[in-house]
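Peer 1: Structure provided below as structure tokens; questions to follow.
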Amino acid sequence: MNPPESPRLDRRAAIKWMLTAAAAVALLERSSPGAGATLPGDAARGYGTDPDLLKNHQPGDFWPLTFNAPQRRAASALCDAIIPADVKSPAASAVGVPAFIDEWISAPYPGHDKDRVLVLEGLAWLDAESQRRFGNDFTNLIYSQQHALCDDICHAAAAKPEFGQAARFFAKFRDLTAGGFYTTPEGMRDLGYAGNVALTAFAGPPPEVLKQLGLT
Amino acid sequence: MPFITTHELQADYDVIVVGSGAAGGQTAYTLTMDGAKVLMLEAGRSYDPVKETPMFQTNGQAPLRGASTPDKPFGFHDATVDGGWSVPGEPYTSASSEPGRQFWWWRARMLGGRTNHWGRIALRNGPYDFKPRSRDGLGFDWPIGYDDVAPYYDKVEMLIGVYGNNDGLENTPDSPEGVLLPPPKPRAGELLAQHRGKKLGLPVIAVHRAVLSVKQDAASIPAKLHPKNPTAQRVLAQAMRERAACFWATDCGRGCAIKANYQSTTVHLPPALATGNLDLLSNAMVRAVTVDENGKATGVAFVDKATGEERVARARVVVLAASSAESVRILLNSKSPRFPSGLANSSGLVGKYIMDTVGARLGGQVPLLENLPVHNEDGAGGNHVYVPWWLYQEQHAGKLGFARGYHIEFGTGRRMPGMGVTGGIDALTAGSYGRKFKEDARRYYGSFVSFSGRGEMIPNEDSFCELDPLVRDQWGLPVLRFHWKWSEHETRQAAHMQRTFADLIAAMGGKPGEPKADGAQAIEPGGKIIHEVGGTIMGADAKTSVTNQWGQTWDVKNLFVTDGGPFVSNADKNPTLTIMALAWRTSDYLLDELRKGNL
Chain B
82 MNPPESPRLD
92 RRAAIKWMLT
102 AAAAVALLER
112 SSPGAGATLP
122 GDAARGYGTD
132 PDLLKNHQPG
142 DFWPLTFNAP
152 QRRAASALCD
162 AIIPADVKSP
172 AASAVGVPAF
182 IDEWISAPYP
192 GHDKDRVLVL
202 EGLAWLDAES
212 QRRFGNDFTN
222 LIYSQQHALC
232 DDICHAAAAK
242 PEFGQAARFF
252 AKFRDLTAGG
262 FYTTPEGMRD
272 LGYAGNVALT
282 AFAGPPPEVL
292 KQLGLT
Chain W
6 MPFITTHELQ
16 ADYDVIVVGS
26 GAAGGQTAYT
36 LTMDGAKVLM
46 LEAGRSYDPV
56 KETPMFQTNG
66 QAPLRGASTP
76 DKPFGFHDAT
86 VDGGWSVPGE
96 PYTSASSEPG
106 RQFWWWRARM
116 LGGRTNHWGR
126 IALRNGPYDF
136 KPRSRDGLGF
146 DWPIGYDDVA
156 PYYDKVEMLI
166 GVYGNNDGLE
176 NTPDSPEGVL
186 LPPPKPRAGE
196 LLAQHRGKKL
206 GLPVIAVHRA
216 VLSVKQDAAS
226 IPAKLHPKNP
236 TAQRVLAQAM
246 RERAACFWAT
256 DCGRGCAIKA
266 NYQSTTVHLP
276 PALATGNLDL
286 LSNAMVRAVT
296 VDENGKATGV
306 AFVDKATGEE
316 RVARARVVVL
326 AASSAESVRI
336 LLNSKSPRFP
346 SGLANSSGLV
356 GKYIMDTVGA
366 RLGGQVPLLE
376 NLPVHNEDGA
386 GGNHVYVPWW
396 LYQEQHAGKL
406 GFARGYHIEF
416 GTGRRMPGMG
426 VTGGIDALTA
436 GSYGRKFKED
446 ARRYYGSFVS
456 FSGRGEMIPN
466 EDSFCELDPL
476 VRDQWGLPVL
486 RFHWKWSEHE
496 TRQAAHMQRT
506 FADLIAAMGG
516 KPGEPKADGA
526 QAIEPGGKII
536 HEVGGTIMGA
546 DAKTSVTNQW
556 GQTWDVKNLF
566 VTDGGPFVSN
576 ADKNPTLTIM
586 ALAWRTSDYL
596 LDELRKGNL
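Those protein sequences? They're chains B and W, same order as listed.
Counting from 1 along the first sequence, just add 81 to a position and that's the residue number in the working numbering.
Counting from 1 along the second sequence, just add 5 to a position and that's the residue number in the working numbering.
Below, the structure written as structure tokens:
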């Protein structure tokens, strides 16, 4: 089967996302029926009950990935809006997080199919909303434009009703981006995870930790 | 000899041991060290932790960042292969469709079974735990007491290596001087809970876990465990020297390539194989125990998974150590004209009184643990401390509304990040993203704690397993059908756990999640804690039990059960250490009876 070439929503999905949104018309005009999310086929398999645990696995090793070029661009831009480079660590896209998210939404395990629909529809909405507001795809927006959009959807509990579904998408995407990023060597170092090294003795918390906890 | 194929089976053995986990490992160890010729049959594949354990792999190197899937329910790097709550081609069924009446049956089809991934928490049952009915009138008393088992707890602890302290607390037995290894220091969150928990009367003490905090004393322990047996002493000393002390990295659930923690495959099987007395056949799925015209066991019939063909093996004695429910299944499938309801089932109790552990959990966030200076908290890859049951007096006075206790396990610390690493911070960050999100992630990392209760379930008439009349597995063998029901003793206990954990998190200055007031909502499904015991309960009377105090079936004197099946109660203490102690005790008795010609 051919993956859809644009991250556009199909008509049914668009209606679901936009029922309460004033901006529905613009997006519906752009949508093309039948170009919606494709679910993993029957042939899709997981890694089985006895995979090689020692190997350094890469996205795509076990099941086909999903993103087309526009979806990958949108995902990458959103990853970096959530985890940009700063003095302590690189941006999420620089350490392979978009490919991990693609692996996640393409996985043939229960629950991943829902994430797949939410993420693909969300990315399509993101570009459509970027076009509507600023006349450009999300990846081409300037910093302040990206933030204006993200501010509307970053906090599900506070989002306006018309952004409800978009906020659910953002929350999921942030979880995936963070999980993908903080499991890399760069991300683990950024958080201050100092383990996974062999020691001759376990010393317990250092004095400055005990002091901060009031346990000295 | 050791690892054999079906073509290399000997014509006869002293003992066949079915299963290679805690029970099978201990049974084969004790028997072979004393010179018995043993055949061990394992239904899963062979497995070598030295070569196969992912010791320093990170979640970033795993598919889906190591997240759990139906193929790997405890995450990608968990030691278990070909196992889980569902095993392809080997179903089980539930008699009820009600959510609260399901039993989740965990199996690990691999050499070493569940010992490869278990939590290594190794607690002794106390004196009360063997006589619960005498204390509160519920369930059953064991036909043995703590004093019968204590010498075997000592031996097992010395053999496998257990860290912990002797705290002298009620029904929480001390070990003799010199038996336990020193416990690791508590982590930051564990220390905070210890300090703040005092106000609530919670004794936070060193947990006992089967991890070598220091190397074992290979010069003195072998002589204590095997007096007057120089061969056994030599073999064990060598095996102990091959085990390294923990290097304080890599979660124990992955198994341990340096053999620092206990798993059957690194601790029991190497010395047993080194005696030259053990033949070990993998991919051998036992269908039934075979019997002669006199009703004595002659061996087992098994499916050779490589070919799908049925084979037989013969021995003077058969020991079932297949996991309590699998051993039930084998007995019920061992039907013959002489034993129409299955073998060793004249009491009708095979499969009855199955138990799991009561489990409930609550998490929260503790501001004091935010922004801690960077430090390494991997430690021994599991709890360093726990809270043993502390309300014996209040409970005995009838003040609690449920009859049995629980202990508390801790989840704290700056662990290796996985998919949930920023889970739960949404509510604290007003949906931050960008550089603010990165700052928030640093701030809150390691500030989340969770507490899990592990409590005693009382055996009841509604929790049992039997053969499903219709469903068969891929080998054509009838499968188990489970019946399950918690009583109010368990659900009220689960609600008590929730209140306690909320109080503890609050005492740490934290914000607990919403505790569930309804214990039926808080309690984990039966089997979820993977402490399945019962089904071939022991007793003093052949009419009301399946085995005697030695795990010897009343009906077939050369047939024994050494897994958790003979348990008549399931104390809050995790069952594995007791399984091993009883397996050693049974094996000593079995050897004695063999020598006397009684089997």
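Cβ atoms here follow ideal geometry from the backbone N, Cα and C, with glycine treated the same way.
Let me know the secondary structure DSSP gives residue 99/W once reduced to three states.
Peer 2: If DSSP states are grouped into helix, strand and coil, residue 99/W belongs with the strands.
Peer 1: Quick check: the segment 557-569 of chain W against the segment 514-524 of chain W, are there 3 or more CB pairs under 8 Å?
Peer 2: Flag = no, the segment 557-569 of chain W and the segment 514-524 of chain W do not touch.
Peer 1: With C-beta atoms as the reference, is residue 209/W less than 7 Å away from residue 392/W?
Peer 2: Yes, the pair counts as a contact, with Cβ atoms nearer than the cut-off.
Peer 1: Please look up how many angstroms separate the CB atoms of residue 276/B and residue 64/W, rounded, as I've assumed it's under 8 Å.
Peer 2: Residue 276/B to residue 64/W, Cβ: 12 Å. No contact.
Peer 1: Residues in its own chain within less than 7 Å of residue 204/W by CB, not counting five upstream and five downstream?
Peer 2: Same-chain partners within the cutoff: 512.
Peer 1: What residues of chain B sit near residue 380/W, judged by a beta carbon separation below 7 Å?
Peer 2: 275, 286, 287, 290, listed in chain order.
Peer 1: Give the residues of chain W in contact with residue 242/B, contact being defined as C-beta atoms less than 8 Å apart.
Peer 2: Those do not exist, as residue 242/B stays about 16 Å from chain W at its closest Cβ, beyond 8 Å.
Peer 1: Please report how far the alpha carbon of residue 398/W lies from the alpha carbon of residue 366/W, in whole angstroms.
Peer 2: Roughly 24 Å between the two C-alpha positions.
Peer 1: Quick check on residue 19/W: does DSSP put it in helix, strand or coil?
Peer 2: Of the three classes helix, strand and coil, the one that applies to residue 19/W here is strand, per DSSP.
Peer 1: How would you label residue 216/B, buried or exposed, when you count the other beta carbons within 10 angstroms and need 16 or more for buried?
Peer 2: Looking at its Cβ environment, which holds fewer than 16 other Cβ atoms inside 10 Å, residue 216/B is exposed.
Peer 1: Straight-line CA distance for residue 228/B to residue 212/B?
Peer 2: Taking the straight line joining both Cα atoms gives about 15 Å.
Peer 1: Out of curiosity, what's the CA-to-CA distance linking residue 96/W and residue 232/W?
Peer 2: Taking the straight line joining both Cα atoms gives about 46 Å.
Peer 1: Does residue 489/W come within less than 7 Å of chain B when only Cβ atoms are used?
Peer 2: Judged by the 7 Å Cβ criterion, residue 489/W is not in contact with chain B.
Peer 1: Helix, strand or coil: which one does DSSP assign to residue 168/W?
Peer 2: In the structure shown, residue 168/W sits in a strand (DSSP, three-state: E or B).
Peer 1: At a CB distance below 9 Å, what residues from the segment 175-200 of chain B approach chain W? Give them in sequence order.
Peer 2: So the list reads 176, 177, 181, 184, 185, 188, 190, 191, 193, given in the order they occur along the chain.
Peer 1: Is it right to say residue 191/W is buried, meaning 16 or more other beta carbons lie within 10 angstroms of its own, or is it exposed?
Peer 2: Counting Cβ neighbours within 10 Å, residue 191/W comes out buried, since at least 16 surround it.
Peer 1: Beta strand (DSSP E) containing residue 370/W: first to last residue?
Peer 2: Per DSSP, residue 370/W belongs to the beta strand (DSSP E) from 363-370.
Peer 1: So the alpha helix (DSSP H) residue 401/W belongs to, where does it begin and stop?
Peer 2: Its alpha helix (DSSP H) spans residues 397-401.
Peer 1: Answer yes or no: does any C-beta atom of chain B fall closer than 7 Å to that of residue 74/W?
Peer 2: True, the Cβ-Cβ gap to chain B drops below 7 Å.
Peer 1: Assess contact between the segment 567-586 of chain W and the segment 344-363 of chain W, defined as three or more Cβ pairs (one per stretch) separated by less than 8 Å. Is contact present?
Peer 2: Touching, per the Cβ criterion.
Peer 1: List the DSSP bridge partners of residue 558/W.
Peer 2: Bridge partners of residue 558/W: 552/W.
Peer 1: So does the segment 100-119 of chain W actually touch the segment 260-270 of chain W, counting three or more Cβ pairs closer than 8 Å?
Peer 2: Judged by Cβ distances under 8 Å, the segment 100-119 of chain W makes contact with the segment 260-270 of chain W, as three or more pairs qualify.
Peer 1: Could you tell me whether the segment 125-138 of chain B touches the segment 69-78 of chain W, using the rule of 3 or more Cβ pairs below 8 Å?
Peer 2: At 8 Å Cβ cutoff, the stretches touch.
Peer 1: Return no unless some Cβ of chain W is closer than 7 Å to the Cβ of residue 224/B.
Peer 2: By this cut-off, residue 224/B is not an interface position.
Peer 1: Pick from 409/W, 55/W, 277/W, 220/W: whose alpha carbon is nearest that of residue 251/W?
Peer 2: It is 220/W.
Peer 1: What's the gap between the Cα of residue 106/B and the Cα of residue 201/B?
Peer 2: Because the pLDDT of residue 106/B is 36, which lies under 50, any placement of that residue in the model is unreliable, and the question is left without a value.
Peer 1: Residue 497/W: which of 532/W, 418/W, 364/W sits nearest, CA to CA?
Peer 2: Residue 497/W has its Cα closest to that of 364/W, out of 532/W, 418/W, 364/W.
Peer 1: Do we get a CB-CB distance below 7 Å when we pair residue 221/B with the residues of chain W?
Peer 2: For residue 221/B, the answer is no, since every Cβ of chain W falls outside 7 Å of its Cβ.
Peer 1: Compute the Euclidean distance between the alpha carbons of residue 243/B and residue 436/W, then round it to the nearest angstrom.
Peer 2: Residue 243/B and residue 436/W: Cα-Cα distance of roughly 17 Å.
Peer 1: Closer than 7 Å, CB to CB, is residue 53/W near chain B or not?
Peer 2: No, because no Cβ of chain B sits closer than 7 Å to the Cβ of residue 53/W.
Peer 1: Quick one: measure Cβ to Cβ for residue 85/W and residue 326/W, integer angstroms, because I've assumed they're closer than 8 Å.
Peer 2: Contact flag wrong, Cβ pair sits at about 18 Å.
Peer 1: Please say whether residue 457/W and residue 414/W have beta carbons closer to each other than 7 Å?
Peer 2: In contact: residue 414/W and residue 457/W (Cβ atoms closer than 7 Å).
Peer 1: For residue 64/W, return the contacting residues in chain B, with the cut-off set at a CB-CB distance below 8 Å.
Peer 2: Residues of chain B passing the Cβ test: 264.
Peer 1: Report buried or exposed for residue 297/B, applying the criterion of at least 16 other Cβ atoms within 10 angstroms of its Cβ.
Peer 2: Counting Cβ neighbours within 10 Å, residue 297/B comes out exposed, since fewer than 16 surround it.
Peer 1: For residue 285/B, which three-state DSSP category applies?
Peer 2: Of the three classes helix, strand and coil, the one that applies to residue 285/B here is coil, per DSSP.
Peer 1: Are the segment 149-166 of chain B and the segment 426-433 of chain W touching, with three or more C-beta to C-beta distances below 8 Å?
Peer 2: Cβ pair count under 8 Å is below three, so no.
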